[in-house]
Amino acid sequence: MDGTNHSVVSEFVFMGLSNSWEIQFILFVFSSMLYVASVMGNALIILTVNLDSHLHSPMYFLLANLSFIDLGGSSIASPKMIYDLFRKRKVITFDGCIAQIFFIHVIGGVEMVLLIAMAFDRYVAICKPLHYLTIMSPRMCIFFLVSAWMIGLIHSVVQLAFVVNLPFCGSNVLDSFYCDLPQVIKLACTDTYRLEFMVMANSGFISVGSFFILIISYIIILLTVQKHSSAGLSKALSTLSAHITVVVLFFGPLIFFYTWPSSSTHLDKFLAIFDGVLTPFLNPIIYTFRNQEMQVAMRRVLRQLVSYRTIS
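Numbering of the sequence shown is given in UniProt numbering, commencing with residue 1 and proceeding in unit increments.
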């Protein structure tokens with residue numbers, strides 16, 4: 001289609017989650033509480049790791065960075081979704097939509113690499129404990145962090161390069177509450193088969209590949225521990241259960257979004273809420289629920305903050 005025949009889209013209109021006032025109210029209360037709790041929980045982890053010297057180790061360095069990513073991830077679409085719940089016309093500017101897509105994929109790419117780095121950290125700690133501090137040196141931790149951000153940025157920019165100049169034929173209604181590539185591409189007035197395949201290849205295959213790399217790495221860790229000690233297997237399972245749970249919660253919705261050929265819109269929306277609101281809330285709980293050291297450190301930091309405010 002000739003570029004002069006399409007209209008200029010300056011904004012997109014969200015259809016939202018529901019037209020029922022009762023459901024909107026429940027979603028408002030539920031989402032607001034989870035968003036505030038996820039922000040507070042992840043911020044507390046970051047604060048605790050930075051202030052408590054007992055947690056200045058590679059494992060907690062990576063955990064603090066994961067919490068920082070979850071803090072950013074929960075703030076990309078959730079605040080606007082909550083704000084839009086009772087609005088009749090839910091709109092976002094074209095630039096705002098592109099920004100949402102950009103940050104969603106940057107955050108997603110960074111989190112994938114961080115989860116792989118955390119799996120590697122647990123492998124070294126469990127299977128090569130005598131060499132742990134040598135292998136997981138500060139330089140290695142910084143390498144993982146820089147690599148995560150570079151891969152996340154490249155992953156996001158490559159996709160946006162193909163989408164930002166797409167021609168649109170007037171339709172600007174997205175059956176969603178946030179912007180992402182699959183929904184926006186469908187509105188373009190051009191053959192989008194190659195673009196949809198590119199999204200599936202870039203996001204879908206990366207998600208599936210990273211997921212299987214992580215699952216295989218956890219299996220290798222457990223098999224290695226089992227060979228040396230059956231008693232150590234239960235301890236390793238206890239340590240890895242939190243990591244495996246977070247991996248499944250993070251990759252499950254992503255794999256569905258970008259690889260399922262004919263997804264349900266209602267299921268898409270449910271999984272999007274789960275991935276954007278519930279997962280960032282669950283991650284701090286999962287990583288601290290069985291971690292006695294983190295719980296003690298959090299109480300220590302909270303006591304310090306309370307005493308500091310009392311003195312002030």
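Note that beta-carbon positions come from the ideal geometry of N, C-alpha and C, so glycine has one too. Quantities reported herein were computed from a predicted structural model and do not represent experimental measurements.
Close-in-space but distant-in-sequence residues of the same chain around residue i (CB under 6 angstroms, 5 per side omitted)
i: I92; result: F12
i: G204; result: Y258 and T259
i: D281; result: Correcting the residue identity first, residue 281 is Phe in this sequence and not Asp. Answer for F281: L34, A37 and S38, listed in chain order.
i: T48; result: A297, M298 and V301
i: residue 336; result: For the chain, the structure presents residues 1 to 312; residue 336 sits outside this window and is missing.
i: G152; result: V106, G109 and V110
i: F28; result: L85
i: L267; result: none
Presumed contact (8 angstroms Cβ cut-off) between residue i and residue j, rounded CB distance
i: L174; j: M294; result: Between M294 and L174 the Cβ distance is about 39 angstroms, and since that is not below 8 angstroms, they are no contact.
i: I46; j: F68; result: 6 angstroms
i: T279; j: F251; result: In fact, because the Cβ distance is near 10 angstroms, the residues do not count as touching under 8 angstroms.
i: V199; j: L181; result: 5 angstroms
i: I116; j: L240; result: With 8 angstroms as the limit, I116 and L240 do not qualify as a contact, their Cβ atoms being about 14 angstroms apart.
i: S78; j: V277; result: 5 angstroms
i: V163; j: I185; result: 7 angstroms
For residue i, the nearest candidate out of the options (CA to CA)
i: E22; options: G252, H105, F86 and T192; result: F86
i: I206; options: V113, L62, M40 and V301; result: V113
i: I101; options: D84, F177 and F168; result: F177
i: N202; options: S307, A161, L267 and F270; result: A161
i: R290; options: V248, T245, L271 and S238; result: S238
i: P138; options: L62, S210, T288 and L153; result: L62
i: E196; options: F212, I216 and Q159; result: Q159
i: I154; options: R122, F103 and C179; result: F103
i: Y287; options: K88, V247 and H243; result: H243
i: F211; options: K80, C179, A119 and K90; result: A119
i: M136; options: I76, R122 and W149; result: R122
i: residue 399; options: S234, Y218 and H266; result: It is not possible to answer for residue 399, since the shown part of the chain is limited to 1 through 312.
i: K88; options: P129, M150 and S20; result: S20
i: S31; options: V306, N50 and I273; result: I273
7 angstroms CB neighbourhood of residue i in its chain, flanking five on each side removed
i: A236; result: I126, I221, L222 and V225
i: V208; result: I255 and T259
i: N5; result: In this predicted model, N5 has a pLDDT of only 45, less than 50, meaning its place in the structure is not dependable enough to derive any value.
i: N65; result: L114 and L145
i: V9; result: F94, F168 and N172
i: Q24; result: S18, L85 and F86
i: W149; result: V110
Residues that residue i bridges to, as DSSP identifies them
i: T93; result: E11
i: L66; result: For L66, which the question treats as bridged, DSSP gives no partner whatsoever.
i: V173; result: V13
i: F103; result: DSSP output for F103 lists no bridge partner at all.
i: A188; result: F168
Same chain, Cβ closer than 8 angstroms to residue i, neighbours up to 5 away in sequence not counted
i: N42; result: S67, F68, D70, L71, S74, P280, N283 and P284
i: R194; result: none
i: D2; result: Low per-residue confidence applies at D2: pLDDT is 45, beneath 50, and the placement is therefore not dependable, though the value from the model is reported in the following sentence. If we look at D2 and ignore the five residues flanking it on each side, it has no Cβ neighbours.
i: K269; result: L17, S176 and F177
i: I76; result: Q100, F103, I104, I107, Y178 and G276
Check: residue i C-beta below 7 angstroms from any heavy atom of the ligand SAM
i: D180; result: Ligands displayed in this structure: none; no statement on the ligand SAM is therefore possible.
Should the stretch 50–57 be called in touch with the stretch 97–111, which here means at least 3 C-beta pairs below 8 angstroms? Contact between the stretch 50–57 and the stretch 97–111 is absent, with fewer than three C-beta pairs closer than 8 angstroms.
Any chance the stretch 57–68 sits against the stretch 132–151, with 3 or more Cβ pairs inside 8 angstroms? With the cut-off at 8 angstroms, the stretch 57–68 and the stretch 132–151 touch.
How about the stretch 295–303 and the stretch 103–119: do they share at least three Cβ pairs that are nearer than 8 angstroms? With a cut-off of 8 angstroms, the stretch 103–119 and the stretch 295–303 do not count as touching, because too few Cβ pairs lie within range.
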